[in-house]
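Each protein sequence line maps, in turn, to chains C, G and H.
Under my numbering, think of the first position of the first sequence as 1, with each following residue one higher.
Under my numbering, think of the first position of the second sequence as 1001, with each following residue one higher.
Under my numbering, think of the first position of the third sequence as 2001, with each following residue one higher.
To start, the structure itself, in structure tokens.
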Amino acid sequence: MLTQLEVATKSRAQLIDISERIEQAVQEAKIGEGVLYLFVPHTTAGILINENYDPSVAQDILDFLEKLAPRQGKYKHTEGNADSHIKTAVVGSSAIVPIQKGKLALGTWQGIFLCEFDGPRQRKVFLQLMDEGR
Amino acid sequence: MLTQLEVATKSRAQLIDISERIEQAVQEAKIGEGVLYLFVPHTTAGILINENYDPSVAQDILDFLEKLAPRQGKYKHTEGNADSHIKTAVVGSSAIVPIQKGKLALGTWQGIFLCEFDGPRQRKVFLQLMDEGR
Amino acid sequence: MLTQLEVATKSRAQLIDISERIEQAVQEAKIGEGVLYLFVPHTTAGILINENYDPSVAQDILDFLEKLAPRQGKYKHTEGNADSHIKTAVVGSSAIVPIQKGKLALGTWQGIFLCEFDGPRQRKVFLQLMDEGR
């Protein structure tokens, strides 16, 4: 079962907490035990699981990535978003989360972020659910 | 089938080889062909697959990450572990490993490491197994 | 169903677009909806999904990784490929891609790359397919 979220991003670089929207999609699917696959079909946006309680953690991660691959660096790709591709490569385009008793088995402090590195744009996140109990 | 390993880490930053414990869990599950999903439900610890033969490889990876995101850097998150969140973002929170003939299809030199970045602590690793032959 | 691709790499560091070979394997498997798991059983080669339209993006990613973990850096591992292990840790050893209507659900600009960091060598990529419709 492949569904997708539409996410409107607001700035060039942004970590957007999509945990609640994903949790809702999982609950609607009524899966007891299984796995959620997350896939971002873009090359300048990725997916990340990290702390969503203190928003400064997401900001630190963005600052870190900007220092690592500065927007104004020297790159061969001439569209002005070479850094966005690199940042996406670092965080990755896919992730998995176990589902237990119908809910995401995330840790207490974990949230799921869409990572926008070349926004603002309209982005998609593919959600696929595998049901163990089928 | 979701099971979990408990891992007691011994220092602030440490790569702990959990390959044998995971292999044992897979063999006990008696799955012929399938996939193992690994998920770390923490925001300052991650999961990594890399060489476990020469322990200096794990040390080089730790040294690299410490240089990349130093503990004593400038961060907005004020709990003293902003670097641990960043290091976790770089290595990631989930991984998959194919299972073939009842065993992990790891390469000759590959091991599975829990990556502790804010220890010592008691950590969990979720293991989920999907059996193709069901 | 576990299959494998053999990939002959040509230089020490190289991103090799294996999207078409993977797409072909998926189409041969005749799966309608499902998930493709990708796993690289090596410790100095990884897997990455990013833009494959402008080849300068792959070159920028390689240049970035070389700057991040230079071949001639100071490492404890003495085989001359410590940087290759580190680069592999950054990009990762596994990925997933959804399959929809028998095809990889990749975005318009996405390609799948084997990342060689210690070549030239003969490399393997494991492909595992999970069929939702079973």
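Ideal Cβ positions, reconstructed from N, Cα and C, are used throughout, including at glycine.
On a predicted model such as this, the values are computed, not experimentally measured, just so you know.
So that I know if they touch, is there some Cβ in chain H lying closer than 8 angstroms to that of residue 5/C? Closer than 8 angstroms: no.
I want to see whether chain H comes within less than 8 angstroms of residue 1060/G, judged by CB atoms only; does it? Among the CB atoms of chain H, one or more fall inside 8 angstroms of the CB of residue 1060/G.
Length-filtered (4 minimum) alpha helix (DSSP H) runs lying within the stretch 1051 to 1084 of chain G: Qualifying alpha helix (DSSP H) stretches, in chain order: 1055 to 1068.
DSSP three-state call for residue 2021/H: helix, strand or coil? Correct three-state label for residue 2021/H: helix.
Once DSSP output is grouped into helix, strand and coil, what is the label at residue 1112/G? If DSSP states are grouped into helix, strand and coil, residue 1112/G belongs with the strands.
How close, in whole Å, do the beta carbons of residue 2035/H and residue 2096/H come, if the pair is a contact with beta carbons under 8 angstroms? Between residue 2035/H and residue 2096/H a beta carbon distance of about 6 angstroms is seen, short of the 8 angstroms cut, so the two are scored as contacting.
Are residue 18/C and residue 7/C close, meaning C-beta to C-beta below 8 angstroms? Yes, they are a contact pair.
For residue 1010/G, name the three-state secondary structure that DSSP assigns. Residue state, collapsed to three classes: coil.
Contact between the stretch 45 to 54 of chain C and the stretch 116 to 131 of chain C (3+ Cβ pairs under 8 angstroms): Segments in contact, yes.
If you reduce the DSSP assignment to three classes, tell me which class residue 1099/G lands in. If DSSP states are grouped into helix, strand and coil, residue 1099/G belongs with the strands.
Using the Cα positions of residue 1072/G and residue 1084/G, report the straight-line distance between them to the nearest angstrom. Going by the C-alpha atoms only, they are around 11 angstroms apart.
Starting from residue 34/C, trace the beta strand (DSSP E) in both directions and tell me its first and last residue. Start and end: 34 to 39.
Can you tell me whether residue 135/C is helix, strand or coil according to DSSP? Because chain C is modelled from 1 through 134, residue 135/C falls outside the range shown and cannot be assessed.
Which one of 1082/G, 1060/G, 1057/G has the shortest CA to CA distance from residue 1069/G? Sorting 1082/G, 1060/G, 1057/G by C-alpha distance to the C-alpha of residue 1069/G places 1082/G at the top.
Which residues in chain C have a C-beta closer than 8 angstroms to the C-beta of residue 1053/G? List them in chain order. Listed by position along chain C, the residues whose Cβ is nearer than 8 angstroms to that of residue 1053/G form an empty set, because the closest Cβ is around 26 angstroms away.
Please determine, among 2101/H, 2003/H, 2110/H, the residue with the shortest C-alpha to C-alpha distance to residue 88/C. Distances from the alpha-carbon of residue 88/C to those of 2101/H, 2003/H, 2110/H put 2110/H closest.
When the cut-off is 8 angstroms and only beta carbons count, does residue 1116/G lie next to chain H? Chain H contact via Cβ: absent.
Give me the Cβ distance between residue 1033/G and residue 2129/H, rounded to the nearest whole Å; I'm assuming they're in contact under 8 angstroms. Contact between residue 1033/G and residue 2129/H does not hold, since their C-beta atoms are separated by about 11 angstroms, which reaches or exceeds 8 angstroms.
Tell me which same chain residues have a C-beta within less than 6 angstroms of the C-beta of residue 2029/H, skipping the five on either side of it? Excluding positions up to five away in sequence, the list reads 2129.
Got a sec? Which residues, its chain only, sit under 6 angstroms from residue 1131/G by beta carbon, not counting five neighbours each side? The beta carbon of residue 1131/G is closer than 6 angstroms to those of 1031, 1034 in its chain, skipping five residues each way along the sequence.
So that I know if they touch, is there some Cβ in chain C lying closer than 8 angstroms to that of residue 2098/H? Any Cβ of chain C closer than 8 angstroms to the Cβ of residue 2098/H would place that residue at the interface, and such an atom is present.
Do you know how far the Cα of residue 1053/G is from the Cα of residue 2076/H? About 14 angstroms.
Listed by chain order, chain G residues near residue 95/C by CB distance under 8 angstroms: What residue 95/C touches in chain G: 1092, 1093, 1094.
Cβ-based burial, residue 51/C [other Cβ within 10 Å; buried from 16]: Looking at its Cβ environment, which holds 16 or more other Cβ atoms inside 10 Å, residue 51/C is buried.
Report back the beta-carbon spacing between residue 86/C and residue 2061/H to the nearest angstrom; my notes put them in contact at under 8 angstroms. That belief holds up - the Cβ atoms of residue 86/C and residue 2061/H are roughly 6 angstroms apart, short of 8 angstroms.
Is residue 2005/H near residue 2127/H, with beta carbons less than 8 angstroms apart? Yes, these two residues count as a Cβ contact at 8 angstroms.
Could you tell me whether any Cβ in chain H is nearer than 8 angstroms to the Cβ of residue 1001/G? Taking 8 angstroms as the CB threshold, residue 1001/G stays off the interface with chain H.
For residue 2124/H, which beta-bridge partners are listed by DSSP? DSSP output for residue 2124/H lists 2006/H as bridge partner(s).
To the nearest angstrom, how far is it from the Cα of residue 1093/G to the Cα of residue 133/C? Distance between the alpha carbons of residue 1093/G and residue 133/C: 25 angstroms.
With a CB to CB cut of under 8 angstroms and the five nearest residues on each side skipped, what residues in its chain are close to residue 1065/G? For residue 1065/G, the CB contacts under 8 angstroms within the same chain, skipping 5 residues up- and downstream, are 1013, 1087, 1090, 1091, 1117 in chain order.
Interface residues of the stretch 2027 to 2038 of chain H facing chain C [CB-CB below 8 angstroms]: Legend: CB atoms of the stretch 2027 to 2038 of chain H lying less than 8 angstroms from CB atoms of chain C belong to residues 2033, 2035.
Ordered along the chain, which non-local residues of its own chain (more than five positions away) have a Cβ less than 8 angstroms from that of residue 2108/H? If you ignore the 5 residues before and after residue 2108/H, its C-beta comes within less than 8 angstroms of no other C-beta in its own chain.
Would you verify that the beta carbon of residue 49/C is, or is not, closer than 8 angstroms to some beta carbon of chain H? For residue 49/C, not one C-beta of chain H is nearer than 8 angstroms to its own C-beta.
Burial state of residue 9/C, where buried means 16 or more other Cβ atoms lie within 10 Å: With 16 or more Cβ atoms within 10 Å of its Cβ, residue 9/C is classed as buried.
Would residue 2106/H pass as an interface residue toward chain C - the criterion being a Cβ-Cβ separation below 8 angstroms? Cβ-Cβ to chain C under 8 angstroms: yes for residue 2106/H.
For residue 2063/H and residue 2016/H, I'd like the C-alpha separation in whole angstroms. Straight-line Cα distance between these residues: approximately 15 angstroms.
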